[in-house]
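Numbering (the numbering used here), first residue to last: 138 to 257.
Note that beta-carbon positions come from the ideal geometry of N, C-alpha and C, so glycine has one too.
Treat the numbers as computed from the prediction; the structure is a model and nothing was measured.
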């Protein structure tokens, strides 16, 4: 008897408008978060519903990778898929640290890879 996988989960996540727009345009395909309990539950196959103001956007999680720091994550991931073209690595690092102070970064850094949901 084959073991059945549990159905994927859906999580609602508030996001700043500029990043919401980049995800909607499929320019930003990696969302960076720190290791809050809710974020640690996210797995490949889950659906994320990003919310910015009154707008929302649903995407599929394809991969979740954990890193010890923003620097380690930026060294390993394609930086253009995190913040869009035109942002340097140093600008991305500053943006991450502007959002998350050191004690939050210490929770672990998660690179959540995203893909559009298929049209139904």
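Cβ pair residue 198, residue 179 closer than 7 Å: yes
8 Å contact criterion, which residue 181 and residue 196 should meet: CB distance rounded: With a Cβ gap of about 12 Å, residue 181 and residue 196 do not count as contacting.
Straight-line Cα distance separating residue 171 from residue 241: 6 Å
Residue span of the beta strand (DSSP E) that contains residue 232, given as start and end: Premise fails: residue 232 lies in the alpha helix (DSSP H), 226 to 236, not in any beta strand (DSSP E).
Beta strand (DSSP E) runs wholly inside the region 140 to 170, at least 3 long, in chain order: 147 to 151
Continuous alpha helix (DSSP H) stretch holding residue 174: start and end: 174 to 177
Validate contact between the region 224 to 231 and the region 154 to 167 using beta carbons, cut 8 Å, 3 pairs: no
For residue 213, the three-state DSSP class (helix, strand or coil): helix
Sequence-distant residues of the same chain with beta carbon closer than 8 Å to residue 206, five excluded per side: 242 and 246
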